[in-house]
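All remarks here apply to the structure that follows.
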Amino acid sequence: MTNTAKLFSTLSEARERLNAIIEHSFDGIFITDAKANVVRVNHAYELITGLKKEDVLGKNMADLVHNKLISQSGSLQVIETKQPVTLQQRFRSGKEALVTSSPIFDNDGKFIMVVTNVRDLTEIYSLKAVVQEKTEAMKRLALELEHLQTATETPEIIAKDETTLAAMLLANRVAAMDTTVILLGETGVGKEVIARYIFQHSHRAKNSFIKVNCGAIPENLIESELFGYEGGAFTGANKNGKVGLFELANNGTLFLDEIGELPKDMQVKLLRALQEQEIMRVGGTKPVKIDVRIIAATNRNLEEMVKDGTFREDLYYRLTVFPISIPPLRMRKKDIIPLALSFLEKLNQKYQLKKYFTDLSMQLLHEYDWPGNIRELKNIVERAIIISPSDSIKPEDLHIHSASKPIVIIKESDFSDNTKNSLPPSPEFPINLKNTLEKIEYTYMVQAYKFFGNVRDAAKNLGLTPSTFVRKRKQYQQKNTDPERM
């Protein structure tokens, strides 16, 4: 009482000040006696809970819970345990609060009341939601930057051959539509380049282009990669969950490369995503709506896969709405040299060089079958630039390989001194041009056969069929045009 007297002149003033403190508290204050009868609530409690003083004053907490005015009571738990209790509650006002009820004892240790402090967490939860939303947006952006590999400019398309132009015409016609497209062709023919061309000429060009290699993702992870997952969906999962590539590509384009490698069970889920335009996260309970354009690609024969049961027929028809076949490079002969020169020009600029192909090198590039298609051509050109000792890139610098051995046009160093001497000297007119050309041709045939050791590769290198090679060699031998006899 002595300490109180120092602050307040009378007991009445002390009571008045205490009431003012309770009423002006930011937190709700709720007091019951030892039998759970409500004896005091403040104004903040009314604001937070939506309950009026007259609704609770003089009432017992057990009755308030029974009548569902309050979902649960910290006061009742404290009366039972005589220990502080903390709860999280959502009131009918829509607000969420942290409720802490504490037992109060007199100087003799007798339990006399429960004081409950109710702190409004609605604003904190709201701020938390905003932070989570912004964090999610940042994660989405980081993922997009990780997957978004689209160049700032339209990828250069080399289309000089009629077969390439036919494929590009189809790509150009479908680009502006949202039709599902599937690109068919061997590995390395440029399916991704065409996919990017379609994307960059579509109305989705300002949004995401996400590439997924269906054959490169482990089978046990492909569902969570494509569709994402909720927090704690499986052991090792991020507690906040993860956005899938479908959601990442929302309003943009999803490029499903190597679609033929997709496991059978995932084909069902992909079909649902295409049909319903919605996905379900792993561990999720609510579908997520998406707006994604699909471009697929494969080097496999999906029709045969449907027949042998490794690819779903319904998914096959869903994907093949608009198929575009991209021919291999060996069927696009007019594209080979322009492509090689384009690669050479870019590499010259990159490394500040002035390299060029010799005529024989360009002949070799043109005649080679390119089993690895454009990808192989690009690699060969880059390798040639690195290893060529001078500005001129000669056939021996190309190091083109078949499955078994190099396919290289006969280079000067492959000729022996005798062979060199067997070549006709500078002409002294008059000469028989036909006989001279036959001797030159036969010389190259002999050297090619010595270099490769078999008719097939020698003929292929010289741009002849094996039967033509054998026929001409026999013809020249009969004419006595063998260079070793000349």
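Quick note: the sequence shown uses this note's numbering, first residue 12, plus one each step.
The beta-carbon is built from N, C-alpha and C at its ideal position, and this holds for glycine as well.
So what does M124 bridge to, in DSSP terms? DSSP, once it has assigned bridges, lists D44 and I115 as partnering M124.
Only counting the same chain, and skipping five residues up and downstream in sequence, which positions put a Cβ closer than 7 Å to that of A260? S219, I221 and V303
Endpoints, the beta strand (DSSP E) within which T309 is located: R304 to T309
CB-CB under 8 Å to K405, same chain, minus the five flanking residues each way: which ones, in chain order? T369, L371, S372, S399 and K422
Identify the residues that DSSP records as bridge partners of L87: which are they? Partner(s): none; L87 has no beta bridge.
What's the C-alpha gap between E272 and D189? Each residue's Cα considered, the two are about 24 Å apart.
Would you tell me roughly how many angstroms separate the C-alpha atoms of T161 and V481, rounded to the nearest one? With a pLDDT of only 41 at T161, under the threshold of 50, the placement of this residue in the model should not be trusted, and no figure is reported.
Apart from the five residues just before and just after D408, which ones in its own chain have a Cβ nearer than 7 Å to its Cβ? A395, I398 and S399
What's the gap between the Cα of I90 and the Cα of S84? 10 Å
Please return the same chain residues whose Cβ sits closer than 7 Å to the Cβ of G383, not counting the five positions on each side in sequence. G199
For the alpha helix (DSSP H) that F102 lies in, which residues bound it at each end? No alpha helix (DSSP H) holds F102; DSSP gives it neither H nor E.
V364 to R207, Cα distance in whole Å? In the sequence under discussion, the amino acid at residue 364 is Leu, which differs from the Val named in the question. C-alpha separation (whole angstroms): 30 Å.
Simplified DSSP assignment, three categories, for D38: Three-state result, D38: coil.
When you compare only the Cα positions, how much space is there between M124 and S20? Cα-Cα distance, rounded: 27 Å.
Determine the DSSP secondary structure at L68, reduced to helix, strand or coil. coil
From the DSSP output, read off the bridge partner residues of R130. L109
Using beta-carbon positions only, say whether L340 and L388 come within less than 9 Å of one another. yes
Could you compute how far the alpha carbon of M72 sits from the alpha carbon of L22? 31 Å
Would you kindly check if the distance between the Cβ of D74 and the Cβ of A55 is under 9 Å? Result no, Cβ atoms of A55 and D74 do not sit closer than 9 Å.
Using 9 Å as the limit for Cβ to Cβ distance, is K344 near chain D? Looking for chain D here will not work: only one protein chain is present.
Sufficient close CB pairs (3 or more, under 8 Å) joining the stretch 315 to 330 to the stretch 348 to 362: no
Under 7 Å Cβ to Cβ from T43, same chain only, skipping five residues before and after it: list those, please. V49, V50, M72, S86, M124 and V125
With C-beta atoms as the reference, is T296 less than 9 Å away from I270? At the C-beta level, T296 and I270 stay beyond 9 Å of one another.
Given this structure, state the Cα-to-Cα distance separating L132 from P95, to the nearest angstrom. 20 Å
Quick check: the Cα distance between K139 and K145, rounded to an integer number of angstroms? 10 Å
Specify the secondary structure class of V332 as computed by DSSP and reduced to three states. V332 falls in the coil class under three-state DSSP.
Identify, in the order they occur along the chain, each residue of the same chain with its Cβ nearer than 8 Å to the Cβ of N118, setting aside the five sequence neighbours on each side. Within the same chain, no residue comes within 8 Å of N118 by CB-CB distance, once the 5 residues on both sides are set aside.
Same chain only: Cβ atoms within 8 Å of E236, ignoring 5 sequence neighbours per side: V223, I228, G255 and L256
Sequence-distant residues of the same chain with beta carbon closer than 6 Å to R103, five excluded per side: Residues G61 of the same chain have their beta carbon placed closer than 6 Å to that of R103, with the five preceding and five following residues left out of the count.
Reducing DSSP to helix, strand and coil, say where S137 ends up. helix
Nearest neighbour of K366, chosen from I306, S401, L267 and E57 [CA to CA]: S401
Bridge partners for D268 per DSSP, in chain order? N224
Just mark T175 as buried or exposed, buried being the case when its beta carbon has 16 or more other beta carbons within 10 Å. buried
Exposure label - G320; buried when at least 16 CB within 10 Å: Residue environment: G320 is assigned as exposed (fewer than 16 neighbouring CB atoms within 10 Å of its CB, all protein chains considered).
Under 9 Å, do N290 and K280 count as touching if we go by C-beta distance? What sits at residue 290 in the sequence shown is Ile, not Asn. It is a contact, given that the beta carbons lie within the stated cut-off.
Integer-rounded CB distance, given that I411 should sit under 8 Å from A307: The pair is not a contact, with the Cβ atoms about 32 Å apart (cut-off 8 Å).
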